[in-house]
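Novice:
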Amino acid sequence: MTEDLSPAERYAAARKRAAEQATALADFREMYDFGLDPFQIEACQALETGKGVLVAAPTGSGKTIVGEFAVHLALQQGKKCFYTTPIKALSNQKYADLAKRYGADKVGLLTGDNSVNADAPVVVMTTEVLRNMLYAGSQTLLGLGYVVMDEVHYLSDRFRGAVWEEVIIHLPESVTLVSLSATVSNAEEFGDWLDTVRGDTEVIVSEHRPVPLFQHVLAGRRMYDLFEEGEGRKKAVNPDLTRMARMEASRSYNPRDRRKGKMVREADRERERRQRSRIWTPGRPEVIERLDSEGLLPAITFIFSRAACEAAVQQCLYAGLRLNDEEARARVREIVEERTAAIPDEDLHVLGYFEWLEGLERGIAAHHAGMLPTFKEVVEELFVRGLVKAVFATETLALGINMPARSVILEKLVKWNGEQHADITPGEYTQLTGRAGRRGIDVEGHAVVLWQRGFSPEHLAGLAGTRTYPLRSSFKPSYNMAVNLVEQFGRHRSRELLETSFAQFQADKSVVGISRQVQRNEEGLDGYKASMTCHLGDFEEYARLRRELKDRETDLAKQGAAQRRAAAAAALEKLKPGDVIHVPSGKFAGLALVLDPGLPAGRSNGHRGFEQHDGPRPLVLTAERQVKRLASIDFPVPVEALERMRIPKSFNARSPQSRRDLASALRTKAGHIVPDRHRKGRAAAADDREITRLRAELRAHPCHGCDEREDHARWAERYYRLRRDTQQLERRIEGRTNTIARTFDRIVALLTEMDYLRGDEVTQNGKRLARLYGELDLLASECLRDGVWEGLSPAELAACVSALVFEARAADDALAPKLPSGKAKAALGEMVRIWGRLDALEEEFKISQTEGVGQREPDLGFAWAAHQWASGKGLDEVLREADMPAGDFVRWCKQVIDVLGQIAAAAPAVSGAGGGDTVAKNARKAVDALRRGVVAYSSVG
């Protein structure tokens, strides 16, 4: 209260208010009709004092306000601000927001598809565009004061993450960096690195969600809270869920039990029926109806499959679900028709427009990467306007698009990661559920997980309660990066720059702890060495002889054991059905009759796929009437047939009577035979010259006669064990130190061999490579160098360039792709041959694709579609032959267009080749041929 303050305190408070009102932040706050949160104010104040900032806060918390304040400061100071985003859709969205606030004349947009007002003081762009500007030394960078990197946690992305680090490292020192990130558990570590490479950086971390999130599990007809209400930060899992999971796990009734001959009590069946009536996984329409009845729509249901998203919409339509009234339906139709007016009617039929529109009118839609970008943008707009209330989406929707909901539904906690079905991580769960709760609209957000068989409430509670989402660098040098760095800074300075990467920073930090351990170990080694000192001679030398003797004896013992196993396996392979043997050891030792000799060592195709066997596994009948499959462990020594018996054709191993009769015959036939005892051969060590020599040297050593010899030996054993551990730690340090620089050295060596670099000089070939960005940059450069694309038509060139960008979603064993005939087919074949040559060179220079460096094999799967589209074929025909969703087709076309643009810029740099101009012209023509119809429909704003 002001009345309670002294005059001096009131004066100080008034001065503070006056000072605050004179700041840029005060002007900025007046532009918004809501107050700023403490973390936003703290970040903005740091920016105004000239510091860089890293803001890590939950999705939907409003961290972009800090980015917008950087825009405000730039305009106020007469400087430029670049606002970078990871995806084009987010760039479009941000461009629309800023243009609305500051005016279209002050805001520009630069993505691979669009260039709008590129010289404006504020430009929104994808991160790759800024990286390319930095390497090209673009004039647009003049006067740049601020760079906002939205979704900076993308630098963990193993495919594109390196771009973020390249920008952060190479931005001029005068530029203030604003980094906006999701909640990460190592924000301080990332902030320390930014401090190192960018100067004074304030780290602001906010865990607070402006809209509280409640976690639920939907099982059957009932929605359960995941956590029970209680005091304190540690939340307890709802005991009802725990009890249900325990009951499900202990279900005794299984329909197959009857076939197994088990008796199931009627009471168990009744309990099972009661249980099943309470717990089941509700269907998709049922879930939406349930949330609608409880007022929890709009909702986003995350399903980790595009096909399943489309199927979910159809299921809701078939169920007669309607979430919009007539007025909303009319408004939806009006907006959709306006946004899709440019698409011809014949294309609308191909794109499934009318089915899509039917869903939208009912308030239901899918959202995934396979959809046409225009369709996705319409879904996003209708959802934000509240005209679509249920969206079924893949996880790509969680990546930055401003599309908050009241509720988020997760069908499963498992997703396909490209290699296998894996549990989603706490970081992924936080990212997905972060969409729940719209600031300024909802009082609370809701995350709903559907009950599935084998559901674990504890596992879900772990996901919901964990904030472990560490930022891990995915930075790796590339060929393009190497030539650009050498051209700008020279080899030595480039190497130093790469050593400042976050990847090396993290590696070096992890080395610190290991280095301390090595230091402690070395101190321990000095102590052990002193304790094993002997007055009679060099005990270290004596201990070495003892160790060499022990190692030699161990090696010979292993060799002997391996030989015995091999002899036993060879003997088992000679067995035949009807042989009577004596099983030497194990649970079934004694007399046995071979029914089936089993498989030889190696792989076999079993019911679980291919299985590995370490030797034959004979099926035998023992004298005690048991039929068992034995293992090699039951035969430590070779076994021979003692007798032969005929196995009746009527013998049935499952019949107790058959077993009894044959076991009786076995005892009668061979029960009196006493097997030969296996005699152990002479030990190999007894005749080994090396062991004899070592034993003689030991006996002759002065320390052999020491009274405290065994005491010294114990210290020596500790010394050698600790030294071995220390050497392993040192190897780990060596593997982690200078890893980025060593990879850079190998890349530079290969580029020097191929005449792209000569010391610090970048050759004409290198200058061409510097203009080619992408995973197959070196392959593209070699194709230009060798004139592979000379004489190709624009459509044929588009087909060849598609192999540089396309990667099939299907498995490697898919059918051979259809290829265009003539020159294009020959050129594609030549591209694969050049890749083979590069692959061999990379192996020679130890450049490994497993480390994220190197050239993958070109994928020809999109060549036919690119050729047909560039040749003017209709959308219906191209999509049908390509067997590909429209969204994927558009995305790949745009990537091909992007690389064709690079080739058009790089081709004239082909030394002494008049043909370079032809390739450049045809590349530009190919761009025009591809950028038509659905590929050209990309809205801005």
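Numbering of the sequence shown is given in the numbering used here, commencing with residue 16 and proceeding in unit increments. Backbone N, C-alpha and C define an ideal beta-carbon position, used for all residues, glycine too.
To the nearest angstrom, how far is it from the Cα of A901 to the Cα of K391?
Specialist: Those two C-alpha atoms are separated by around 11 Å.
Novice: By the three-class DSSP mapping on this structure, what secondary structure does G123 have?
Specialist: Correct three-state label for G123: strand.
Novice: On a Cα-Cα basis, can you pick out the residue from F43, E83, V533, P136 that is closest to D112?
Specialist: Nearest C-alpha to D112: E83.
Novice: If you check the beta carbons only, do A885 and A810 fall under 8 Å apart?
Specialist: Yes. Within cutoff.
Novice: Pairs of beta-carbons, one from the segment 903-921 and one from the segment 779-791, closer than 8 Å: are there three or more?
Specialist: Output reads yes: the segment 779-791 touches the segment 903-921.
Novice: Going by the DSSP bridge assignment, what does A810 pair with across the sheet?
Specialist: None; A810 has no bridge partner.
Novice: Look up H687 in the DSSP assignment and say whether it is helix, strand or coil.
Specialist: Looking at H687 - three-state DSSP - the assignment turns out to be coil, as it is neither helix nor strand.
Novice: How would you label G442, buried or exposed, when you count the other beta carbons within 10 angstroms and need 16 or more for buried?
Specialist: Under this definition G442 is a buried residue.
Novice: Which residue comes first and which comes last in the beta strand (DSSP E) that contains Q230?
Specialist: Run containing Q230: 228-234, per the beta strand (DSSP E) assignment.
Novice: Going by the beta-carbon positions, is the gap between G781 and L799 smaller than 8 Å?
Specialist: No. Outside cutoff.
Novice: Measure from the alpha carbon of L634 to the alpha carbon of each residue in P592, H597, E180, then state which is nearest.
Specialist: Nearest C-alpha to L634: P592.
Novice: Express the C-alpha separation of A104 and P419 in angstroms, rounding to a whole number.
Specialist: Their Cα atoms are separated by approximately 15 Å.
Novice: Tell me whether the beta-carbon of L375 lies closer than 8 Å to the beta-carbon of V351.
Specialist: It is a contact, given that the beta carbons lie within the stated cut-off.
Novice: Could you spell out the range, first to last residue, of the alpha helix (DSSP H) harbouring R305?
Specialist: Per DSSP, R305 belongs to the alpha helix (DSSP H) from 299-308.
Novice: What are the start and end residues of the beta strand (DSSP E) that includes M164?
Specialist: Where M164 is concerned, the enclosing beta strand (DSSP E) stretches over 159-164.
Novice: T296 and W466 look like a contact to me (Cβ under 8 Å); what is the Cβ gap, rounded to whole Å?
Specialist: About 6 Å; that satisfies the 8 Å criterion.
Novice: Let's see if you can read the secondary structure: which residues bound the beta strand (DSSP E) around H461?
Specialist: Note, H461: beta strand (DSSP E), 460-465.
Novice: Taking only three categories from DSSP, how would you classify F319?
Specialist: Here F319 sits in coil by DSSP.
Novice: Which whole runs of the beta strand (DSSP E) in the segment 179-232 are 3 residues long or more, in chain order?
Specialist: DSSP runs (the beta strand (DSSP E)) wholly in the segment 179-232: 191-196, 216-220.
Novice: Going residue by residue through the segment 356-439, where are the continuous beta strand (DSSP E) segments of at least 3 residues, counting only ones entirely within it?
Specialist: Entirely contained in the segment 356-439, the beta strand (DSSP E) runs reaching 3 residues are, in chain order, 379-382, 405-408, 422-425, 429-431, 436-438.
Novice: Rounded to whole angstroms, what is the Cα-Cα separation between V949 and A39?
Specialist: Distance between the alpha carbons of V949 and A39: 45 Å.
Novice: Given a cut-off of 8 Å on the beta-carbon distance, is the pair V957 and E845 in contact?
Specialist: Any property of residue 957 remains undetermined from this structure, which presents the chain solely from 16 to 956.
Novice: Is it buried or exposed, E361, if we count other Cβ atoms within 10 angstroms and call 16 or more buried?
Specialist: So E361 ends up on the exposed side.
Novice: So, helix, strand or coil for A451, using DSSP?
Specialist: Three-state DSSP puts A451 in a strand.
Novice: Excluding five sequence neighbours on each side, which residues of the same chain lie with their C-beta closer than 6 Å to the C-beta of Q91?
Specialist: Cβ neighbours of Q91 beyond the five flanking positions: A39.
Novice: Do P651 and A584 have their CB atoms nearer than 8 Å?
Specialist: It is not a contact, given that the beta carbons lie outside the stated cut-off.
Novice: Provide the residue span of the alpha helix (DSSP H) that contains F43, from first to last.
Specialist: F43 -> alpha helix (DSSP H) spans 39-44.
Novice: At what residues does the beta strand (DSSP E) containing M238 begin and finish?
Specialist: Where M238 is concerned, the enclosing beta strand (DSSP E) stretches over 237-240.
Novice: Taking DSSP as the reference, what is the three-state secondary structure of T79?
Specialist: Helix.
Novice: Terminal residues of the continuous alpha helix (DSSP H) containing K993?
Specialist: Residue coverage of the chain in this structure runs from 16 to 956, which leaves residue 993 outside it and unanswerable.
Novice: Out of curiosity, what's the CA-to-CA distance linking P53 and V220?
Specialist: Spanning the two alpha carbons is a distance of roughly 11 Å.
Novice: By DSSP, does P22 sit in helix, in strand, or in coil?
Specialist: Helix.
Novice: What residue range is occupied by the uninterrupted beta strand (DSSP E) comprising C96?
Specialist: From DSSP, the beta strand (DSSP E) with C96 extends over 95-100.
Novice: Which residues mark the beginning and the end of the beta strand (DSSP E) in which V70 is found?
Specialist: Start and end: 67-71.
Novice: Are the CB atoms of T74 and D165 nearer to each other than 8 Å?
Specialist: It is not a contact, given that the beta carbons lie outside the stated cut-off.
Novice: Measuring CA to CA, which of Q672, V70, I315 is closest to G401?
Specialist: Considering only alpha carbons, the answer is I315.
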